[in-house]
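See below for the structure under consideration.
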Amino acid sequence: METTPMQLIEWLLLALLIVLAPAWEFRRGPAYRARLQADPAGKVAAYRTTCIQLWLPTLALLALYWTGGLSVAELTVRDAPEIGRLLAVAVLILLTLYLAASLRSVARDPAIRKQTADALQPLAWMLPATRREAIWFIGPVSLAAGICEELLYRGFLMQWLDGVMPIWGAMILSSVIFGLMHAYQGLAGVIRTAAIGLLLAGFFVASGSLLLSIILHVIIDAYAGALSWLARREETVPAGPLEAEQRHA
Numbered sequence: 083m084e085t086t087p088m089q090l091i092e093w094l095l096l097a098l099l100i101v102l103a104p105a106w107e108f109r110r111g112p113a114y115r116a117r118l119q120a121d122p123a124g125k126v127a128a129y130r131t132t133c134i135q136l137w138l139p140t141l142a143l144l145a146l147y148w149t150g151g152l153s154v155a156e157l158t159v160r161d162a163p164e165i166g167r168l169l170a171v172a173v174l175i176l177l178t179l180y181l182a183a184s185l186r187s188v189a190r191d192p193a194i195r196k197q198t199a200d201a202l203q204p205l206a207w208m209l210p211a212t213r214r215e216a217i218w219f220i221g222p223v224s225l226a227a228g229i230c231e232e233l234l235y236r237g238f239l240m241q242w243l244d245g246v247m248p249i250w251g252a253m254i255l256s257s258v259i260f261g262l263m264h265a266y267q268g269l270a271g272v273i274r275t276a277a278i279g280l281l282l283a284g285f286f287v288a289s290g291s292l293l294l295s296i297i298l299h300v301i302i303d304a305y306a307g308a309l310s311w312l313a314r315r316e317e318t319v320p321a322g323p324l325e326a327e328q329r330h331a
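Numbering of the sequence shown is given in the working numbering, commencing with residue 83 and proceeding in unit increments.
Right, here's the structure in full:
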């Protein structure tokens, strides 16, 4: 049977998600980390590039979906009991309140700020420390990651895999692939993001709503950016004349 242009684009998207993106991230990871560690001022440019890299395949996916050329019938919904959706909404509300309280504690308590900054040190090279970086990370980057990654990895890839294997297998495999896509963060980053991917996959399956998973993903990423900025912003504040004199005394 002849392959249509739409089918070809879908297969290219699958190849990008499963093979090409992870391979690229493995290859560029060390140099990417070294560059940002050597030049933290390059973070905003890296954030812009990340947004572009996320939106391009997502727009291709949406074009396929809207023209009826996608083999996955639905990207954003699954069959799930109403109680699952209600519990998911409750979880989102409680999590948002908890994370807001956490940020408030970090902002108010110098000791907690120091502990948080130390805990985030392994990821300091990629997380925001200045106001401008925080605006980009909490805004465009978190929105792009939440919307695009959920559409690509949970809405598309997981549901496509669900057509060829049990749903639990699709959840695990799509989460592993999602983790590998973050290979530039190192092995710990792969494991961490794969675990988050599995959490998001379970959230989608339990609630039946990709929108709720998108909101959860955005909240997680925005919290990470806000936490980093609140904990580390003092590192980027220039010392006043008296402080500078005391440091060199």
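Where is the CB? At the ideal position from N, CA and C, for every residue including glycine.
Handout entry: Option in A211, E231, L146 with minimal Cα separation from C133
Key = Across the set A211, E231, L146, the C-alpha of E231 shows the shortest separation from the C-alpha of C133.
Practice task
Using the Cα positions of R109 and L255, report the straight-line distance between them to the nearest angstrom.
Solution key: Approximately 21 Å between the Cα atoms of the pair.
Practice task
State yes or no: is the C-beta of L282 within less than 9 Å of the C-beta of S291?
Solution key: The Cβ atoms of L282 and S291 do not sit closer than 9 Å to each other.
Handout entry: Local conformation of S153 per DSSP, three classes
Key = Judged by DSSP in its simplified three-state form, S153 adopts coil rather than helix or strand.
Handout entry: Close Cβ partners of A142 (< 6 Å) along its chain, the five nearest in sequence each way excluded
Key = Within its own chain, no residue has a Cβ closer than 6 Å to the Cβ of A142 once the five positions on either side in sequence are excluded.
Handout entry: V287: first and last residue of the uninterrupted alpha helix (DSSP H) it sits in
Key = 268-289 is the extent of the alpha helix (DSSP H) around V287.
Exercise for the section: Return helix, strand or coil for V258, following the three-state DSSP convention. Expected result: Residue state, collapsed to three classes: helix.
Practice task
Could you tell me the boundaries of the alpha helix (DSSP H) in which Q89 lies?
Solution key: Boundaries of the alpha helix (DSSP H) harbouring Q89: 87-97, taken from the DSSP string.
Practice task
Assign R117 to one of two classes, buried (16 or more other C-beta atoms within 10 Å of its C-beta) or exposed (fewer than that).
Solution key: It counts as exposed.
Exercise for the section: Tell me whether the beta-carbon of L234 lies closer than 9 Å to the beta-carbon of E107. Expected result: Between L234 and E107, the gap from beta carbon to beta carbon reaches 9 Å or more.
Exercise for the section: Determine the direct distance from the alpha carbon of I297 to that of A105, and round the result to whole angstroms. Expected result: Counting only the Cα atoms, I297 lies some 28 Å from A105.
Practice task
Please say whether M247 and F286 have beta carbons closer to each other than 9 Å?
Solution key: Contact: no.
Exercise for the section: Going by CA-CA distance only, name the one from A183, G221, T140, T212 that's closest to L99. Expected result: Among A183, G221, T140, T212, the Cα nearest to that of L99 belongs to T140.
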